[in-house]
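J.:
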Amino acid sequence: MTDPAESAGYQPTAIEAKWQVRWREQRTNEPDLDHATAPFYNLMMFPYPSAEGLHVGNLFAFTGADVFGRFKRMQGHQVFEPIGFDAFGIHSENHAIKTGQHPAELIPSNIRNFTRQLTRVGGMFSWEHVLSTTDPSYYKWTQWVFLQLFKRGLAYKKKGAVNWCPADKTVLANEQVIAGACERCGSMVEQRVLEQWYFRITDYADRLLANLDDPGKMDWSPSTVLAQKNWLGRSEGAELTFDVPSSEASVRVYTTRPDTIFGATFMVLAPEHPMVDMLTTPEQREAVATYRRAAGAKDLVARKTGDKAKTGIATGGTVINPATGTEIPVWIADYVLMDYGTGAIMAVPGHDERDFAFAKAYGLEIVRVVAGPDEVASTPLSEAYVDNASGTLVNSGRFDGRPTGEAAAEITAWLAAEGHGTTKVQYRLYDWCISRQRYWGPPIPIIYCEACGTVPVPEDQLPVELPLIEDFRPDDSGVSPLARHADWYFVPCPACGAKARRETDVSDTFLDSAWYFLRYPSSERADVPFDPVRTRTWLPVTSYIGGNEHAVLHLLYSRFITMVLHDAGMLDFEEPFRKFRAHGLIVKDGAKMSKSRGNVVVPDEYIEKWGADTFRIYLMFLGPFQEGGDFRDAGISGPRRFLDKIWDLVGDACHPDVANAEIHHDILIKWHQTKQRVTEGLEELHYNTAIAALMELLNVLRETNCSSREVVTSLVQMLAPFAPHFAEECWERLGHTTTIFDSTWPVWIPELTVDDTVTIGVQVGGKTRGTVTLSVEATAEQAEAAARAEESVARHLDGRTVRKVIWVPGRLLNFVVES
RNA sequence: GCCCGAGUGGCGGAAUGGCAGACGCAGCGGACUCAAAAUCCGCAGCCGGCAACGGCGUGUGGGUUCGACUCCCACCUUGGGCACCA
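Just so we're aligned: 21 in our numbering is position 21 of the first sequence, and the numbers increase by one with no gaps anywhere.
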């Protein structure tokens with residue numbers, strides 16, 4: 001160490017600042033989007049720019065994705081790694097209301113802070129393509145997306161019961177209601193009836209489901225696939241028809257258990273069901289009306305929460321069970337939901353828990369039609385027998401004795417032949433309500449005209465700009481604050497020119513984020529939402545890494561919007577994300593970080609103290625990336641010591657006399673093993689073990705006083721994805737003048753990953769009693785001889801009969817002895 | 001209630017049928033130092049033993065296997081998701 005600058009040791013602050021400037025000046029992170037031969041679109045979920053700044057959880061996610069992008073670049077891809085800000089929505093608006101600031105002022109200042117932080121951690125971001133969803137040049141195209149759906153009949157307005165948050169004073173999607181409370185503020189949600197815009201995502205349910213199992217289109221984390229499948233909620237059953245006596249009318253029900261129809265002893269309709277009036281007898285009219293009013297007042301969530309006492313009332317009417325031909329009473333009850341199936345059920349109290357509870361409460365007939373393994377037709381039912389896999393039918397006419405599974409198909413076929421039913425596939429998925437009666441979002445581009453009706457804003461008049469108003473607070477009216485601004489609200493009808501009014505709802509934030517990945521590569525273009533050529537080059541997204549909290553919202557909506565644009569002929573793919581990997585969650589003291597818990601860790605001070613590179617390694621070394629971990633700052637000195645030691649080693653490698661010494665055979669083997677382990681670990685996002693492998697190599701080099709320039713150079717390269725500034729500096733010290741990220745990823749020679757001798761364990765009766773070192777080519781006989789010669793082994797074999805010898809080459813030798 | 005995931009030293013974790021505890025943190029002993037920090041060398045699962053060595057050991061109980069952290073069954077704990085979906 002003769003250079004005084006080197007003897008000062010590793011100085012992260014200066015080095016990181018130096019490289020951040022150089023990357024920007026030399027446009028190191030800006031791939032040529034028009035001339036890519038091996039494009040790699042490395043996407044991560046863009047953040048919502050909160051006032052608090054990025055927390056450790058964000059940084060964990062971004063660093064993990066960035067490591068992958070840098071790795072892929074060194075493997076020879078042109079990597080496009082864009083970043084942006086998901087800045088519309090209730091979150092920002094509520095914060096603005098609370099602090100008395102206008103979101104239009106708050107958001108730019110938050111974005112500046114986020115930009116500073118994201119730069120500081122050394123993300124390989126293409127800042128020339130940064131976007132914010134609140135920018136009119138972006139939401140112009142969000143509105144355009146709405147119009148594409150509108151044109152195709154996939155956007156419609158419907159009056160209906162919706163989730164209303166009394167604190168946020170807005171409608172929430174079902175997905176935003178968690179256990180009856182508002183996802184944002186925790187207030188209990190109420191039911192309100194409003195006109196809302198919906199997207200027909202249910203039309204796409206079968207495709208959204210089918211593609212999940214198509215490996216040609218999607219390679220996703222299994223947990224995310226499963227979450228989407230559960231959310232789509234496909235079930236197969238039958239739609240059966242029950243005639244109304246002395247009438248042409250009939251009621252349709254959906255059931256997954258047509259095999260139990262002989263036990264359908266009554267029917268239940270949702271209180272809102274359109275046939276309730278027709279089936280209600282005069283004597284019951286008043287009681288039914290009272291019940292319906294009460295159900296209407298109840299909030300949606302209370303109605304949809306299980307384990308509540310069942311309430312209901314008889315309509316006085318009857319329908320005919322098509323299997324038994326008998327008249328059964330019709331009830332209404334709020335445990336039956338209008339928006340699933342047909343809004344009516346055949347109640348089989350013997351074999352459905354809810355129907356059983358209802359029948360017990362109101363004294364209705366319970367009939368057993370399925371007998372379990374040790375049961376007969378007359379075995380009393382103390383609770384519903386719901387198992388549909390191991391019973392046979394009883395009290396079911398000519399189907400008696402049939403197993404339930406087969407009977408379901410047989411009965412459906414029989415009823416179908418009689419004109420009383422069909423098989424039916426049903427989804428749990430709802431249409432997507434995109435209306436928000438709020439201010440901070442893109443106005444829905446629709447105009448209402450007395451003469452022309454609902455008129456879409458012509459595309460050449462987009463964007464419908466969100467006016468800068470001061471009184472953006474929502475009120476109780478259920479109408480957006482925008483309606484209070486006459487000069488914005490009233491416009492000439494685009495079709496006839498008459499005085500018309502604007503739609504005042506803004507769209508859901510999830511619409512902003514459902515297409516942003518299409519915008520990035522063409523974000524500088526004002527004339528198109530996405531350039532067709534660049535889209536063909538860069539999309540679908542090569543790798544998407546993000547949190548599983550978006551498994552069913554953002555990721556499903558993005559897939560839906562992409563499919564719609566594909567069907568419109570604008571995209572040649574229907575799945576936007578070829579590969580998706582869910583990362584884990586960073587928790588603090590065993591709990592998710594949140595402001596209310598007061599356990600949010602702000603990364604800035606750690607980066608200040610230890611440097612961004614040390615912090616990145618620390619986060620990636622914490623545990624498996626896809627599982628997350630508990631944030632404890634106790635261990636952060638380890639990664640820093642690791643870098644300090646490599647810094648010194650690079651110094652040694654710069655001296656020609658030691659650097660070019662021959663590489664000892666053991667080190668050669670370790671080196672190639674490390675290259676393999678690190679490469680394969682990075683590919684699978686096993687960052688913690690990849691770092692451990694680098695540490696092992698470092699330890700070996702230090703123990704053997706080896707500072708081979710070749711080995712040290714590759715060590716620095718393999719470290720580069722984790723510690724980009726540090727690696728650049730070392731790369732420069734090693735005499736290179738271009739960025740390390742344009743260097744070629746080290747390769748290993750498979751033959752050199754195996755040593756010619758190997759140490760194997762020797763067991764006697766399954767217990768390890770010693771080890772022997774052998775040639776890799778040693779035969780079982782040679783191994784056995786060597787093992788028997790080992791004193792510690794011989795001692796345990798003494799006086800015992802060896803029944804068998806298990807030989808696992810390269811691993812172990814086991815003497816099986818008489819017990 | 002249903003569906004996923006996870007339980008391994010003082011701590012984070014490694015090993016997915018073959019020498020359990022790699023790597024790191026914290027700890028202990030030593031060197032350097034007036035001293036401390038930093039750094040370097042060494043020790044380190046638990047129990048017994050001066051030691052050689054022996055026994056035990058991956059949430060609990062069973063099972064499969066020559067061999068189980070790993071596979072199977074049951075249970076416990078815990079994290080997450082979905083929940084009157086017919």
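Backbone N, C-alpha and C define an ideal beta-carbon position, used for all residues, glycine too.
#1: Please report how far the alpha carbon of residue 332 lies from the alpha carbon of residue 279, in whole angstroms.
#2: Which of helix, strand or coil does DSSP assign to residue 432?
#3: Spell out the partners DSSP gives residue 327 in its beta bridges.
#4: Less than 8 Å between C-beta atoms, sequence neighbours within five positions excluded: which residues of the same chain meet that for residue 4?
#5: Can you tell me where the alpha helix (DSSP H) holding residue 496 begins and where it ends?
#6: Please determine, among 322, 204 and 40, the residue with the shortest C-alpha to C-alpha distance to residue 418.
#7: Taking 6 Å as the line, does the beta carbon of residue 696 fall inside it for any heavy atom of the ligand ZN?
#8: For the beta strand (DSSP E) holding residue 545, just list the boundary residues, first then last.
#9: Looking at C-beta atoms only, is the number of pairs between the region 437-454 and the region 400-416 that lie closer than 8 Å three or more?
#10: Where does residue 655 land, buried or exposed, given buried means 16+ other C-beta within 10 angstroms?
#11: Just to confirm before moving on: does the CB-CB distance between residue 578 and residue 221 stay below 7 Å?
#12: Identify whether residue 570 lies in helix, strand or coil by the three-state DSSP scheme.
#13: Just to confirm the assignment: which complete alpha helix (DSSP H) runs, minimum length 4, are found wholly within the region 499-565?
#14: Grouping DSSP H, G and I as helix and E and B as strand, with all else coil, what is residue 371?
#15: Can you tell which of 737, 647, 617 and 511 has its C-alpha closest to the C-alpha of residue 688?
#16: Secondary structure at residue 194, three-state DSSP: helix, strand or coil?
#17: Can you tell me which of the three DSSP states residue 5 falls into?
#18: Among all the DSSP beta bridges, which residues are the ones paired with residue 742?
#19: Do you know whose CA, among 703, 28, 63 and 292, lies nearest residue 43's CA?
#20: What residues match up with residue 448 in a beta bridge as DSSP calls it?
#21: Classify residue 117 as buried or exposed, calling it buried when 16 or more other Cβ atoms lie within 10 Å of its own Cβ.
#22: Report the three-state DSSP secondary structure of residue 223 (helix, strand or coil).
#23: If I measure Cβ to Cβ from residue 820 and keep anything under 7 Å in the same chain, skipping five residues before and after, which residues do I get?
#24: Ordered along the chain, which non-local residues of its own chain (more than five positions away) have a Cβ less than 8 Å from that of residue 326?
#25: Just reading off the beta strand (DSSP E) that residue 420 is part of, what are its end residues?
#26: Which ranges would you report for the beta strand (DSSP E) in the region 744-793 if only whole runs of at least 3 residues count?
#27: Just how far apart, CA to CA, sit residue 52 and residue 110?
#28: Mind checking residue 342: buried by the 16 CB within 10 Å criterion, or exposed?
#29: Could you tell me whether the region 718-731 touches the region 15-29, using the rule of 3 or more Cβ pairs below 8 Å?
#30: Report the three-state DSSP secondary structure of residue 44 (helix, strand or coil).
#31: Does the beta-carbon of residue 507 have 16 or more other beta-carbons within 10 angstroms, so that it is buried, or is it exposed?
#32: In the DSSP assignment, what residue or residues form a beta bridge with residue 464?
#33: In whole angstroms, give me the CA-to-CA distance for residue 76 and residue 90.
#34: Is the beta carbon of residue 444 closer than 7 Å to that of residue 503?
#35: Taking the C-alpha atoms as reference points, what is the distance between residue 288 and residue 433?
#36: Measure from the alpha carbon of residue 776 to the alpha carbon of each residue in 757, 600 and 788, then state which is nearest.
T.: So, to answer that:
#1: As a position in the first sequence, residue 332 is number 332, starting the count at 1. As a position in the first sequence, residue 279 is number 279, starting the count at 1. One C-alpha to the other measures close to 10 Å.
#2: Residue numbering aside, residue 432 sits at position 432 when the first sequence is read from its first letter. The answer is strand: DSSP assigns residue 432 an E or B state.
#3: The residue given as residue 327 occupies position 327 in the first sequence. Beta-bridge pairing links residue 327 to 320.
#4: The count along the first sequence starts at 1 and reaches residue 4 at position 4. Low local confidence applies: a pLDDT of 35 at residue 4 is under 50, so the model's placement there is unreliable, with the coordinate-based value given in what follows. Excluding positions up to five away in sequence, the list is empty.
#5: Indexing the first sequence from 1 puts residue 496 at position 496. Here residue 496 belongs to no alpha helix (DSSP H), and DSSP marks it neither H nor E.
#6: As a working note, residue 418 is residue 418 in the first sequence. Minimum Cα distance to residue 418 is reached at 322.
#7: Inclusion of the ligand ZN in the displayed structure is not the case, the ligand content being empty and no account of it being possible.
#8: Here residue 545 refers to the residue found at position 545 of the first sequence. Taken as a continuous stretch (DSSP letters only), the beta strand (DSSP E) holding residue 545 covers 543-547.
#9: no
#10: Here residue 655 corresponds to residue number 655 of the first sequence, with the count starting at 1. Around the CB of residue 655, fewer than 16 other CB atoms lie within 10 Å, so the residue is classed as exposed.
#11: Here residue 578 refers to the residue found at position 578 of the first sequence. Here residue 221 refers to the residue found at position 221 of the first sequence. No; because the gap between Cβ atoms is not below 7 Å, this pair is not in contact.
#12: Numbered from 1 along the first sequence, position 570 holds the residue referred to as residue 570. Annotated three-state conformation of residue 570 is coil, per DSSP.
#13: Whole alpha helix (DSSP H) segments, 4+ residues: 509-512, 516-519 and 532-538.
#14: What you label residue 371 is simply residue 371 of the first sequence in a count that begins at 1. Here residue 371 sits in strand by DSSP.
#15: Position 688 of the first sequence, counted from the start, is the residue given in the question as residue 688. Closest option to residue 688, Cα to Cα, is 617.
#16: For the purposes of this step, residue 194 is taken as the residue at position 194 of the first sequence. It is a strand residue.
#17: By 1-based counting over the first sequence, the position of residue 5 is 5. Below a pLDDT of 50, predicted positions are generally treated as unreliable, and residue 5, at 38, falls in that range; the measurement from the model is reported next regardless. Helix, per DSSP.
#18: Here residue 742 refers to the residue found at position 742 when the first sequence is read from its first residue. Answer is none; residue 742 lacks a bridge partner.
#19: Here residue 43 refers to the residue found at position 43 when the first sequence is read from its first residue. It is 63.
#20: Residue mapping note: residue 448 aligns to position 448 of the first sequence, counting from 1. Paired residue(s): 454 and 501.
#21: As a working note, residue 117 is residue 117 in the first sequence. Buried, since its Cβ has 16 or more Cβ neighbours within 10 Å.
#22: Here residue 223 refers to the residue found at position 223 when the first sequence is read from its first residue. Three-state DSSP puts residue 223 in a helix.
#23: With the chain represented from 1 up to 819, any question about residue 820 goes unanswered, as that position is not in the structure.
#24: Here residue 326 refers to the residue found at position 326 of the first sequence. Answer for residue 326: 320, listed in chain order.
#25: For this step, residue 420 is matched to residue 420 along the first sequence. Residue 420 -> no beta strand (DSSP E), and no H or E assigned at all.
#26: 757-764 and 767-775
#27: Counting from one through the first sequence, the residue named residue 52 turns up at place 52. Counting from one through the first sequence, the residue named residue 110 turns up at place 110. C-alpha separation (whole angstroms): 8 Å.
#28: Translated into the one-based positions of the first sequence, residue 342 becomes position 342. Counting Cβ neighbours within 10 Å, residue 342 comes out buried, since at least 16 surround it.
#29: yes
#30: For the purposes of this step, residue 44 is identified with residue 44 of the first sequence, where counting begins at 1. Strand at residue 44.
#31: Mapped onto the first sequence, residue 507 falls at position 507. It is buried - the Cβ of residue 507 has at least 16 other Cβ atoms within 10 Å.
#32: Reading the first sequence from its first residue, position 464 is the one you call residue 464. Bridge partners of residue 464: none, in fact.
#33: Residue mapping note: residue 76 aligns to position 76 of the first sequence, counting from 1. Residue mapping note: residue 90 aligns to position 90 of the first sequence, counting from 1. Spanning the two alpha carbons is a distance of roughly 42 Å.
#34: Indexing the first sequence from 1 puts residue 503 at position 503. Indexing the first sequence from 1 puts residue 444 at position 444. For residue 503 and residue 444, yes; Cβs fall inside 7 Å.
#35: By one-based count along the first sequence, residue 288 stands at place 288. By one-based count along the first sequence, residue 433 stands at place 433. Residue 288 and residue 433: Cα-Cα distance of roughly 30 Å.
#36: By 1-based counting over the first sequence, the position of residue 776 is 776. Residue 776 has its Cα closest to that of 757, out of 757, 600 and 788.
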